[in-house]
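Numbering (the working numbering), first residue to last: 37 to 560.
What follows is a set of notes on a single structure, which appears directly below.
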């Protein structure tokens, strides 16, 4: 391979495992090597060599799939195909369509938009500025801006198949590149989708629709003074989204522990006999930071008149249920931050913490990539970079597994789900940190980070056991993850069902030797 790629683009086993083998979940795979192509032609050469040598490949965009496996393959023995060097960007300004290669991160796209004075929102996620936009879309991730469903925003893609052929959508094959990128569905069976959470080829470029920067972005925040208020809040959020969802971004509901994890260091000297935050001290932390049992956030996008009208609907629907419903713009938060420094004592400190969090949240809602969610991975373990270099939870020793189930937007289901997470996490020695994020007016996605000391084999094993217990307990009440970790693929794949039999048939046809990402959402 060094003839086609050059020696600097090929890593042996030792170098590959050192670079790609570290993982927040504690998993470790045998990685015999890695290749780092910078073009589609080089990927074709890699695929050809893979076919001749019968060596399986595992493509990664940047490898920053933290909490789900990082850059580790599903099974041992795969050569990593690192696509982070492919960073080309082209933009159809009139249509708002960006064509990206897999190495384009949130940071790189934002830099491109800024340098060219282009008024589009970067589709940011909580994963951070240095994560791939293509990789997130292929995992069906979602973000914080109006185009929240990132694979829904994908209008076209190209992929190298296991035999070296290049897959393109049908309209592109007819020579109609512009209309192919403008119209997601093409003609005939929609096959672009098999490359999302699939193992059928190596995606080399993707076109996504960007949302324009609106005239105004206004965030809103509220609290639920009692845990018992969650049922009424869920119903109010459902109605609100059904009425004005087109002007709202995602609405988040976060429990006390989850909010506090973004505001204060982990209180290691205030743990109970089970190694968890003492309940009385938790209440003290909440009072100090003015955090209620549940906190909610959301954003309105539009012109001044639209924002004003939607605010009145929000006030009407949440009235009598929530406490301290407040609306903020970036300017108003900045003014309050300056004033908060004149308030003495714990009250001033708590207000500063809250306003700092609001400021970072507003930046993300306004499409500015940030590390707002990344410090969570370091709350219990890991060492944050001292030189202000970008955070990398895998490199920095953090222990993190994401449990991310879909939760029907029904009050009784949300109550059962929150109770289940609380009980299972505490039983396994984990702080129950819960976020519920609206994907529509019908469904939440929830994210629960299992945080642990990755240097402890006992803690790593306990994390895996907790994930498995959450998976089974969640499935029993109708809540199932929307994406898998590299260790949990087997929970989903039921080969006796027609769906997975169809997936296997497609895999045999398009990748008969099983060389592309074996075991990824398919039989290993």
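The C-beta atom is built at its ideal place from N, Cα and C for all residues, glycine as well.
For clarity, every value in this text was computed on a predicted model and none was experimentally measured.
The DSSP-derived three-state label of residue 220 is coil. Of the residues 439, 193, 251 and 357, the one whose Cα lies closest to the Cα of residue 264 is 357. In the structure shown, the three-state DSSP call for residue 234 is coil. Shown here, residue 270 sits in a helix according to DSSP, grouped into three states. Taking 8 Å as the cut-off, the Cβ atoms of residue 391 and residue 362 do not count as close. From the listed residues 490, 201 and 122, the smallest Cα separation to residue 73 is found for 122. Nearest neighbour of residue 232 by Cα position, chosen from 345, 92, 519 and 258, turns out to be 519. Residue 437 has 486 as its beta-bridge partners, per DSSP.
Inter-segment contact for the segment 490-502 and the segment 86-102 is absent: fewer than three beta-carbon pairs are separated by less than 8 Å.
Looking at the DSSP output, residue 125 bridges to 136.
Residue 463 and residue 420 have their alpha carbons spaced roughly 29 Å apart.
Bridge partners of residue 255 according to DSSP: 335 and 364.
If only uninterrupted beta strand (DSSP E) runs of at least 3 residues are considered, those enclosed by the segment 150-216 are 190-196. Beta-bridge partners assigned by DSSP to residue 359: 259.
By the criterion of a C-beta distance shorter than 7 Å, residue 270 is surrounded in its chain by 445, 447 and 450, once the five residues flanking it on both sides are discounted. DSSP, read as helix, strand or coil, puts residue 536 in helix. Taken through DSSP and simplified to helix, strand or coil, residue 47 comes out as strand.
For residue 291, the three-state secondary structure derived from DSSP is strand. 8 Å or more divides the Cβ of residue 133 from the Cβ of residue 66.
Around the beta carbon of residue 432, 16 or more other beta carbons sit within 10 angstroms, so the residue counts as buried. For residue 191, the closest of 558, 230, 207 and 245 by C-alpha to C-alpha distance is 245. Straight through space, the alpha carbons of residue 146 and residue 193 are spaced by roughly 21 Å.
Rounded to the nearest angstrom, the gap between the Cα atoms of residue 452 and residue 284 is 27 Å. A distance below 6 Å between beta-carbons, with the five flanking residues on each side excluded, links residue 556 to the following residues of its chain, in chain order: 110 and 235. The continuous alpha helix (DSSP H) containing residue 348 extends over residues 340-354.
For residue 450, the enclosing alpha helix (DSSP H) starts and ends at 447-463. The beta carbon of residue 396 sits closer than 8 Å to those of 406 and 408, all from its chain and outside the five residues before and after it, given in chain order.
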